[in-house]
Amino acid sequence: MQLAAAMSRLGTESAFEVLARATRLAQEGKDIINLGIGQPDFPTPANIVEAAVRALRDGHHGYTPANGILPLREAVAADMRERRGVDISPERIVVVPGGKVTMAFAMLMFGEPGAEIMYPDPGFPIYRSMIEFTGARAVPIALHEEHGYAFSAEELLAQITPRTRLIIVNSPANPTGGVVPKSELDKLVAGLARFPEVAVMSDEIYARMCYDGIPHASLTTYPEIADRLILLDGWSKTYAMTGWRMGWGVWPEGLAEQATRLAINVNSCVNAAAQWAGIEALTGPQEAVDEMVAAFEKRREVIVRELNALPGFTCPNPGGAFYAFPNITGTGRSSRELQDGLLQDTGVAIISGTSFGIHGEGYVRFSYANAIPAIEEACVRIRNWLG
Ligand code: PLP
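With this note's numbering, letter number 167 in the sequence shown gets 1447, and the count goes up by one each step, no holes.
Take a look at the structure:
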């Protein structure tokens, strides 16, 4: 068999490998504390589950329009109006099986040999993987701890070349929890006026998880770039629906049709009952989301305090998402040594910063989607292990 060369360029998301290893160790009887996985530890709210069950009973068993049922896209448009203050026609919304699919579609639409796509590093590993899969050159935008892991618009703009087709930004961010301040977005948008042919994909999947009372700053609120901005958002993190596979993209006029054509070729549509559940999620009571976000904010306080008390660790306060990204250079160990050693010897699952790009060396990612006692116990085990 001869596979396409592109297959050798496809990367992966090591969080899934660490999860598999942790699960194997748990089956062997090891007591595992999982701070590796990037998903809420809460169940999907009951009203959403109920809506899916009702949809199945009501006979929603067939294909739907490839871009999603109209009442769902209308619910997304209403949510965009309410939370981001922007008017989006449901025609520009394409519902896909998870946030990742909007990402993949954007890369497939813009990436090819000779093109360049810029992505945050450290950042979600699928960005680089999918860019390279298309044959485009993946150009890292370095994120620095001392800037709260937000990009510098000046540095970013300086890296644009005539080959740049797409820039990916992510705030709040995985793996750092970093939030890009509005002032930096202002600078980016102002600078982009010089590069009218460059598109932007804004991954705002953690938009609802912003802390310290600072509202989420969205790139969708800039009309100057509305004709070349792709928004990635979805249900996975906000409504604890990672296994449902539900995401949405807002595409510029004209590109929604292209994204829908990709959907027709790849997935036909999203699971019909899940789409009805998605309407309930957006239009039903939001208390469960508020409680979950409040729980994350409390846990953030605990984990940042505990990590900063560990010898060799320093941890900035992340502004959003549910990740802490401490600097571990003071331990004298590499990120990978820490990830592998801690899992094997203490049962604490975390992810090496290098899984998120070259700029991740010297860091590890902790997901605090776990209960406070588990976070505290993990830190005790790490302290003992470090000696
Ligand atoms: N974007 C970022 C930054 C993420 O961290 C994730 C999931 O971890 C996704 C997108 C993908 O989300 P989904 O599970 O909806 O595909």
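Backbone N, C-alpha and C define an ideal beta-carbon position, used for all residues, glycine too.
Return helix, strand or coil for residue i, following the three-state DSSP convention.
i       : result
Ala1306 : helix
Phe1646 : strand
Glu1396 : strand
Leu1468 : helix
Ala1601 : coil
Leu1290 : coil
Asn1450 : strand
Trp1531 : coil
Cys1490 : strand
Ile1583 : helix
Given the structure, does residue i come close to ligand 1, in the sense that its CB is under 8 Å from one of the ligand's heavy atoms?
i       : result
Asn1454 : yes
Thr1500 : no
Met1389 : no
Leu1315 : no
Leu1512 : yes
Arg1408 : no
Thr1634 : no
Phe1670 : This structure does not reach residue 1670, given that the chain is present from 1281 up to 1667, and the question cannot be answered.
Phe1385 : no
Phe1404 : yes
Gly1378 : yes
Gly1318 : yes
Met1398 : no
Lys1517 : yes
Asp1507 : no
Residue i: buried (16+ other C-beta within 10 angstroms of its C-beta) or exposed?
i       : result
Ser1548 : exposed
Glu1504 : exposed
Asp1513 : buried
Gln1282 : exposed
Pro1596 : buried
Met1287 : exposed
Ile1638 : exposed
In whole angstroms, give me the CA-to-CA distance for residue i and residue j.
i       : j       : result
Ala1370 : Gly1529 : It is Pro, not Ala, that sits at residue 1370 in the sequence shown. In a straight line, the C-alpha of Pro1370 is about 11 Å away from that of Gly1529.
Leu1587 : Thr1594 : 7 Å
Val1573 : Arg1488 : 8 Å
Ala1553 : Asn1347 : 15 Å
Pro1476 : Met1383 : 21 Å
Phe1602 : His1427 : 19 Å
Met1481 : Leu1509 : 6 Å
Asp1492 : Ala1453 : 16 Å
Ile1411 : Gly1534 : 22 Å
Ala1326 : Arg1289 : 41 Å
Any idea which residues DSSP pairs residue i with across the strands?
i       : result
Ile1510 : Met1481
Pro1420 : Tyr1399
Ile1631 : Arg1645
Asn1607 : Thr1594 and Tyr1643
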